[in-house]
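Quick note: the sequence shown, position 145, residue 145 per the numbering used here, numbers continuous.
Take a look at the structure set out below.
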Amino acid sequence: MADQQADELALAEVVEFTSGLIRIDTSNRGGGDCRERPAAEYAAERLAGAGLDPLLLERTPGRTNVVARIEGTDPSADALLVHGHLDVVPAEAADWSVHPFSGEVRDGVVWGRGAVDMKNMDAMILAVVRCWARQGVRPRRDIVLAFTADEEASAEDGSGFLAERHPELFEGCTQGVSESGAFTFHDGTGREIYPVAAGERGTAWLKLTARGRAGHGSKVNRENAVTRLAAAVTRIGEHEWPLRLTPTVRAALTELAALYGIDPDFTDVDQLLEKLGPAARLVESTVRNSANPTMLDAGYKLNVIPGEAVAHVDGRYLPGGEQEFTATLDELTGPDVDWEFAHREVALQAPVDAPVFARMRAAVEAFAPGAHVVPYCMSGGTDAKQFSRLGITGYGFAPLKLPADLDYQALFHGVDERVPVEALHFGVRVLDRFLRTA
1 MADQQADELA
11 LAEVVEFTSG
21 LIRIDTSNRG
31 GGDCRERPAA
41 EYAAERLAGA
51 GLDPLLLERT
61 PGRTNVVARI
71 EGTDPSADAL
81 LVHGHLDVVP
91 AEAADWSVHP
101 FSGEVRDGVV
111 WGRGAVDMKN
121 MDAMILAVVR
131 CWARQGVRPR
141 RDIVLAFTAD
151 EEASAEDGSG
161 FLAERHPELF
171 EGCTQGVSES
181 GAFTFHDGTG
191 REIYPVAAGE
201 RGTAWLKLTA
211 RGRAGHGSKV
221 NRENAVTRLA
231 AAVTRIGEHE
241 WPLRLTPTVR
251 AALTELAALY
261 GIDPDFTDVD
271 QLLEKLGPAA
281 RLVESTVRNS
291 ANPTMLDAGY
301 KLNVIPGEAV
311 AHVDGRYLPG
321 GEQEFTATLD
331 ELTGPDVDWE
341 FAHREVALQA
351 PVDAPVFARM
361 RAAVEAFAPG
371 AHVVPYCMSG
381 GTDAKQFSRL
391 GITGYGFAPL
401 KLPADLDYQA
411 LFHGVDERVP
421 VEALHFGVRV
431 LDRFLRTA
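Below, the structure written as structure tokens:
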């Protein structure tokens, strides 16, 4: 089995499946406005073609998840969860060079919404599993496959629903892999860095409400709700959060510093980040909590002072940093503005010295000679948060070998999202090698 590799049909199918899934519009506009079922049926049909027995599960009609299990050769081994979401964020066709739901393959590139987030990984999983069926491959440990709904919103119809209502399907799973890791980061010096996610900041989406005295816009008003809200939003937006180094981020800084021959001086992390140059982008958003105002809503007529004003803030906190985050928000909002969680999810941390991390590193290095694999913490979050409720430790591992002129991170939720065919081929080969030995 060690000498086997993904076959040529797997390389063709990953392109076909990426394109096919992109053509199925699963735009998640929030508030339940999404229908993943056609994509779920697409995935389930291809899993069934690999001899598996996929289950289609829904909390809400049309919001469909797919789960299947591959039995391993070692019944004493813990199971591994491999998951990807089927929904995507919306896209305005007028802004794109290629229609976002065309799945067009042009000049060796697959175009469309979901090409990197994350129908590419869904396609890789399907291609690898079908390759195994042709080759008669069984992995060492049980592998549970999950294709989820609703990741781009609350996950209530997706991984949250699966973790709460169907935990038995994930029996034995202790670790999981999914999006946002093992992609090529080019630092501008010729080095190729492959960050593998071993942590996520917690999600704290906030609603701020200021109340005051409604009145005529021409009159003196010391209780203006808009003014109170604006002051609080400004304080939040300008706040300098203190430095907090988690074990994952410390490990990332240590390995990056070694790569550049820099003394990892943790007494001045900002200076250390400056010395890392472009590679600092992998770490700079995860050395502190953050809170970014994103939405404002107040008033209904120019000459009327409203009695209420509302804002929304995208907050993120590091593992162990939730108490500091909430206490700081109490101070910043002040006595005239109330705040509450609109959505809240846990921060995650995964060990970087675990054997599974070493196997991910080895799989990347096998197909990218000279690659520098480093751990990192995601600034945002994934379905790993919900699956952590089942005791599953999550990693970000969706391998892609990318050219230097393609800004992978800018393509997430961006215009002209696309992925090179060669990157998909690399991903299939690496994922196949890792999962055979994981």
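The beta-carbon is built from N, C-alpha and C at its ideal position, and this holds for glycine as well.
Query, Result
"Per-residue DSSP class, three states only, for Glu71", "coil"
"Cβ-based neighbour list, Val310, same chain, cut-off 7 Å, excluding 5 preceding and 5 following", "Lys207, Leu208, Thr209, Asp297 and Ala298"
"Closest residue to Ala438 among Glu8, Gly176 and Thr248 (Cα-Cα distance)", "Gly176"
"Separation of Glu71 from His166, as counted between CA atoms", "19 Å"
"Cβ distance (whole Å) where Arg316 is taken to contact Gly202 below 8 Å", "7 Å"
"Segment contact flag, the segment 156-166 with the segment 383-398, C-beta cutoff 8 Å, min 3 pairs", "yes"
"Beta-carbon gap between Ala480 and Asp268 smaller than 9 Å", "Nothing can be reported for residue 480: it is not among the residues displayed for the chain, which extend from 1 to 438."
"Option nearest Val283 by Cα separation, candidates Val14, Val249, Pro355 and Ala40", "Val249"
"Pair within 9 Å by beta-carbon distance, Cys377 and Ala252", "yes"
"Counted within 10 angstroms of its Cβ, other Cβ atoms place Asp338 as buried (16 or more) or exposed", "exposed"
"Phe17 to Glu331 span [Cα, whole Å]", "50 Å"
"Delimiting residues of the beta strand (DSSP E) encompassing Glu36", "No beta strand (DSSP E) contains Glu36, which DSSP labels as neither H nor E."
"Pair within 9 Å by beta-carbon distance, His425 and Leu21", "no"
"Own chain residues within Cβ distance below 7 Å of Arg344, not counting five before or after", "Thr203 and Ala204"
"Cβ neighbours of Arg440 in the same chain (closer than 7 Å, five flanking residues each side left out)", "This structure cannot settle anything about residue 440, because the visible part of the chain is limited to 1 through 438."
"Backbone CA spacing between Met124 and Ala232 [nearest angstrom]", "45 Å"
"Val373 to Thr184 span [Cα, whole Å]", "9 Å"
"Simplified DSSP assignment, three categories, for Trp132", "helix"
"Nonlocal neighbours in the same chain, by C-beta distance under 8 Å from Ala40, ignoring five residues either side", "Leu56, Thr64, Asn65, Val66, Leu86, Phe147 and Ala149"
"Entirely enclosed alpha helix (DSSP H) segments - the segment 342-373, minimum 4 residues", "355-367"
"Asp270 - containing alpha helix (DSSP H), residue span", "Val269 to Leu276"
"Other residues of its chain near Asp314: CB distance less than 7 Å, five sequence neighbours each side excluded", "Trp205, Asn292 and Thr294"
"DSSP three-state assignment for Tyr408, whether helix, strand or coil", "helix"
"According to DSSP, residues forming a beta bridge with Gly394", "Gly176"
"Cβ pair Leu348, Glu240 closer than 9 Å", "no"
"For Arg389 and Gly158, the rounded distance between their alpha carbons", "14 Å"
"Start-end ranges of the alpha helix (DSSP H) lying completely within the segment 245-307, minimum 4 residues", "247-259 and 269-276"
"Nearest-angstrom Cβ-Cβ length linking Arg466 and Val89, presumed shorter than 8 Å", "Examination of residue 466 is not possible in this model, given that the chain is present from 1 through 438 alone."
"Start-end ranges of the beta strand (DSSP E) lying completely within the segment 181-235, minimum 3 residues", "192-200 and 202-211"
"Coarse secondary structure for Ser159, derived from DSSP in three states", "helix"
"Any beta strand (DSSP E) of 3 or more consecutive residues that is wholly inside the segment 46-99", "55-58, 64-70 and 79-85"
"Candidates Glu324, Asn303 and Thr246: closest to Thr286 by CA position", "Thr246"
"Residue from Leu145, Leu169, Phe101 and Glu156 whose Cα sits closest to the Cα of Gly32", "Glu156"
"Cβ pair count under 8 Å reaching 3, the segment 185-195 against the segment 125-135", "no"
"Nearest-angstrom Cα separation, counted from Tyr260 out to Leu276", "7 Å"
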